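For what it's worth, our numbering labels the leading residue of the sequence shown as 2, then goes sequentially. In this text, a Cβ means the ideal position worked out from N, Cα and C, and glycines have one as well. Here the structure is a predicted model, which is why all the values come from computation and not from measurement. Here's the structure we're looking at; comments come further down.
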Amino acid sequence: MDKEIMKIPILGIQNAGKTSLIRTLQREFNAITKLKPTKGIERQTLNILDKKIIIWDLGGQAKYRDQYLDKKAELVFSDIDQALYVIDIQDQDSFEDSINYFTEIKNRISDYSPEAKIHILIHKFDPNMEQDPINMKMLEVLKQKFTEIAAPLKIILYHTTIFNPISVIHAFSKPILGNSTLYDNLGILFDDFRNKNQSTQILDFIIIFSEDLIEIASYFKPGINQIKLRDVAHNLFQKFTKKTMALKEIKFQTDFTMVEMKQFSSNNRRFYFTYGYDVENSSNIDTIREDIAGLLEAVEKLMIYF
Ligand SMILES: Nc1nc2c(ncn2[C@@H]2O[C@H](COP(=O)(O)OP(=O)(O)O)[C@@H](O)[C@H]2O)c(=O)[nH]1
Ligand SMILES: [Mg+2]
């Protein structure tokens, strides 16, 4: 059987950070190869989760943009399920230009691939920027603006920085998974878990990674620093794969959270079920363990169909 082939365009004006995002992915995944450039469009293929993904890096110089929106519109915007749009949050002078370009893109996607999901990467949101309320305000303004323009198309927003590779992998996870029902079903399972279990008051997060670090599902305590916790989980994962391949589970304590990671297999693929809880509350650890074991069992049942 042929592999499923997916085309994912990455759009944004010049200097937004598109090529850097792809380079970051390249460092994380070995299975990425560059194709010969055609018509000024750089393409990379990525073999992941039994799919062949072709990422189109669409140069953001004005002359290219005009071509994509006009005579190359069909080539660029047809047959897509997922598209990425990148904006540089640090370059306010370019916001207007970027927002205008996005408006045009949204119209083309509506015409050629109306079912496509659009993922907006509010990029160059570098470490520690969240500590300045001005940046957080800017983030909100941009989110609002993009949501308004995109309507009635649905968008998913992320903030990313190349200085935190996991923020980049996270933003690519859902596009790479595509419109998989597994993703939705795991989401429902996690919601259910949150509503029914006491331990969600103590749990900081749960993330399920695939072997290639694609985020299959996640839960975060409201208001928690997701980027920081993804980073912790990512670091623990690195330990797992390099040194302790044979172990079924490992633990790791930071100054604010205790993280545990359990490895499981489904259809000959390895997955990593990771969760963290508040160290101060670890007296309830038995309850957490019991709840987590139940959740993991339910996850494994669902994954059989993946
Ligand atoms: N501070 C910061 N700079 C970045 C980030 N990502 C990319 N850049 C810089 O932004 C510039 C433009 O990046 P590039 O990937 O070439 O943009 P493209 O034109 O959209 O492909 C380069 O100087 C990058 O080093 C980021 O997350 N944070
Ligand atoms: Mg570029």
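Original post:
Closest to L190 by CA distance: which of A172, I305, A299, L158 is it?
Top reply: To locate residue 190, count along the sequence shown from 1; it is residue 189. When each option's Cα is compared against that of L190, the closest is A299.
Original post:
With C-beta atoms as the reference, is I56 less than 8 Å away from I110?
Top reply: Reading the sequence shown from its first residue, position 55 is the one you call residue 56. Reading the sequence shown from its first residue, position 109 is the one you call residue 110. Cβ atoms of I56 and I110: not closer than 8 Å.
Original post:
Rounded to the nearest angstrom, how far is the Cβ of N198 from that of D292, given a contact under 8 Å?
Top reply: Your numbering for residue 198 matches position 197 in the sequence shown. Your numbering for residue 292 matches position 291 in the sequence shown. N198 to D292, Cβ: 5 Å. Contact.
**OP:** Indicate, with yes or no, if ligand 1 has a heavy atom lying under 7 Å from the CB of V87.
**Re:** Walking along the sequence shown from the start, residue 87 turns up at place 86. At least one heavy atom of ligand 1 is nearer than 7 Å to the Cβ of V87, so yes.
Original post:
Does ligand 2 have even one heavy atom less than 7 Å from the beta-carbon of T162?
Top reply: Position 161 of the sequence shown, counted from the start, is the residue given in the question as residue 162. For ligand 2, not one heavy atom lies less than 7 Å from the Cβ of T162.
**OP:** Please name the residue or residues paired with I123 in a DSSP beta bridge.
**Re:** One-based indexing of the sequence shown puts residue 123 at position 122. Paired residues: I88, H160.
Original post:
If we ignore side chains and look at the alpha-carbon of each, how far apart do A218 and L183 end up?
Top reply: Taking the first residue of the sequence shown as 1, we reach residue 218 at position 217. Taking the first residue of the sequence shown as 1, we reach residue 183 at position 182. Distance between the alpha carbons of A218 and L183 is about 9 Å.
Original post:
A84 to P176, Cα distance in whole Å?
Top reply: For the purposes of this step, residue 84 is identified with residue 83 of the sequence shown, where counting begins at 1. For the purposes of this step, residue 176 is identified with residue 175 of the sequence shown, where counting begins at 1. Cα to Cα, A84 sits roughly 7 Å from P176.
Subject >> 3 or more residues per run - each beta strand (DSSP E) lying fully within the segment 125–197 >> reply: For the segment 125–197, whole beta strand (DSSP E) runs of length 3 or above, ordered along the chain, are 156–161.
Subject >> For H70, three-class secondary structure by DSSP >> reply: Within the sequence shown, numbered from 1, the residue matching residue 70 stands at position 69. Reading the sequence as shown, one finds Leu at residue 70 and not His. Three-state result, L70: helix.
Original post:
Cβ atoms of E212 and R270: under 8 Å apart, would you say?
Top reply: Counted from its first residue, the sequence shown places residue 270 at position 269. Counted from its first residue, the sequence shown places residue 212 at position 211. Result yes, Cβ atoms of R270 and E212 sit closer than 8 Å.
Original post:
At a cut-off of 7 Å, is D256 close to ligand 4 when judged by its beta-carbon and the heavy atoms of the ligand?
Top reply: Among the ligands modelled here, namely ligand 1 and ligand 2, ligand 4 does not occur.
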